[in-house]
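Residue numbers (the UniProt record's numbering): 1 to 246.
Every residue, glycine too, gets a C-beta built ideally from N, C-alpha and C.
Here the structure comes first, spelled out in structure tokens, and everything after it is commentary.
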Amino acid sequence: MGAGQDNHKAEPPAARARWRWRRLLWLPVLLAAFSVLQVLLLRFIDPPVSTVMLWRYGEALAQADGAYRLHYQWRDLEQIAPSLPISLVAAEDQRFPLHRGFDLQAIEKARDHNAAGGRLRGASTISQQVAKNLFLWQGRSWLRKGLEVWYTLLIETFWPKQRILEVYANIAEFGDGIYGVQAAARSFWNKDASQLTASESARLAAVLPAPRRYDAARPGPYVQRRAAWIQRQARQLGGNAYLKDD
């Protein structure tokens with residue numbers, strides 16, 4: 001009886017190798033299922049934190065920056081001044097209601113612009129920014145870019161556009177350690193996000209390319225010019241009505 005059991009347990013090396021490979025092949029399936037579950041849950045649950053916030057906090061700890069503070073407070077979209085979402089769209093992604101996560105026209109224009117040798121221009125949509133800020137780490141790599149595409153597709157599949165805008169307005173960095181429009185409104189103007197003026201909303205959107213470099217509360221010439229341009233673009237898009245049907 002014991003000898004029979006020993007023979008049964010003594011699998012050939014080839015069989016053991018096949019079993020290991022089968023387990024490895026299941027790993028991408030499990031990771032994909034986990035990511036789908038993440039996105040589905042955050043369709044209804046407001047994220048308590050983002051990976052960008054955690055990454056920045058880790059940097060501060062590593063640098064022994066005891067003065068660093070993370071400011072983040074969620075606000076539902078209806079609790080945010082209507083001028084803020086349209087300002088974000090005017091500044092970052094004017095075709096946001098029209099595309100499905102990737103703006104092919106903007107990508108083509110950015111490619112032609114960069115090929116001509118101008119200042120490097122990106123073409124990330126708001127959906128892509130949410131994918132990067134909420135789920136992924138900092139840095140550049142093909143793996144990260146592939147995951148950004150995957151999460152963007154999931155977000156556009158399972159979330160309505162209003163939810164994407166709501167999350168973006170709440171996790172975008174508007175200053176060093178200041179995440180989301182509520183924290184920005186409190187830190188810069190000591191008011192609630194619902195009380196932001198069109199000018200203040202435009203200034204918040206204007207600093208997004210480099211929120212640790214530019215200051216929405218004390219705007220320099222660049223932020224002032226860009227904020228004025230954002231307000232003009234928001235009006236040309238049709239104002240808040242541009243986002244009503246997305």
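With DSSP as the reference, label residue i as helix, strand or coil.
i           : result
residue 80  : coil
residue 146 : helix
residue 214 : coil
residue 230 : helix
residue 178 : strand
residue 68  : coil
residue 188 : helix
residue 26  : helix
residue 73  : coil
residue 158 : helix
residue 244 : coil
residue 239 : helix
residue 106 : helix
residue 47  : coil
residue 97  : coil
residue 8   : Because the pLDDT of residue 8 is 46, which lies under 50, any placement of that residue in the model is unreliable, and the number read from its coordinates should be weighed accordingly. If DSSP states are grouped into helix, strand and coil, residue 8 belongs with the helices.
residue 221 : helix
residue 209 : coil
residue 120 : Legend: pLDDT at residue 120 = 47, less than 50; position of this residue unreliable, no value from coordinates given.
Buried or exposed: where does residue i fall if 16 or more other Cβ atoms within 10 Å of its Cβ makes it buried?
i           : result
residue 30  : exposed
residue 50  : buried
residue 108 : exposed
residue 132 : buried
residue 125 : buried
residue 240 : exposed
residue 177 : buried
residue 236 : exposed
residue 138 : exposed
residue 170 : buried
residue 152 : buried
residue 85  : buried
residue 105 : exposed
residue 45  : exposed
residue 25  : exposed
residue 120 : Residue placement at residue 120 is poorly supported in this model, since its pLDDT is 47, which falls under 50; the coordinates still yield a value, given next. When all chains shown are included, residue 120 counts as exposed.
residue 135 : buried
The beta strand (DSSP E) that contains residue i, what's its start and end?
i           : result
residue 174 : 173 to 175
Step through the CB atoms of chain D and report whether any lies within less than 8 Å of the CB of residue i.
i           : result
residue 198 : Of the protein chains in the structure, only one exists, and it is not chain D.
Terminal residues of the continuous alpha helix (DSSP H) containing residue i?
i           : result
residue 58  : 51 to 62
residue 131 : 126 to 135
residue 141 : No alpha helix (DSSP H) contains residue 141, which DSSP labels as neither H nor E.
residue 205 : 198 to 206
* Asked: Is the stretch 141 to 156 touching the stretch 51 to 61 in the sense that three or more CB pairs, one from each, lie closer than 8 Å?
  -> no
* Asked: Given 8 Å as the limit, is there contact between the stretch 72 to 85 and the stretch 161 to 173, that is, 3 or more CB pairs closer than that?
  -> yes
* To do: Check whether the stretch 175 to 185 touches the stretch 89 to 97, counting contact only when three or more Cβ pairs, one atom from each stretch, lie closer than 8 Å.
  => no
* Would you say the stretch 201 to 218 touches the stretch 94 to 101, given that touching needs at least three Cβ pairs under 8 Å? -> With contact defined as three or more Cβ pairs closer than 8 Å, the stretch 201 to 218 and the stretch 94 to 101 are not in contact.
* **Sufficient close CB pairs (3 or more, under 8 Å) joining the stretch 190 to 207 to the stretch 219 to 233** => yes
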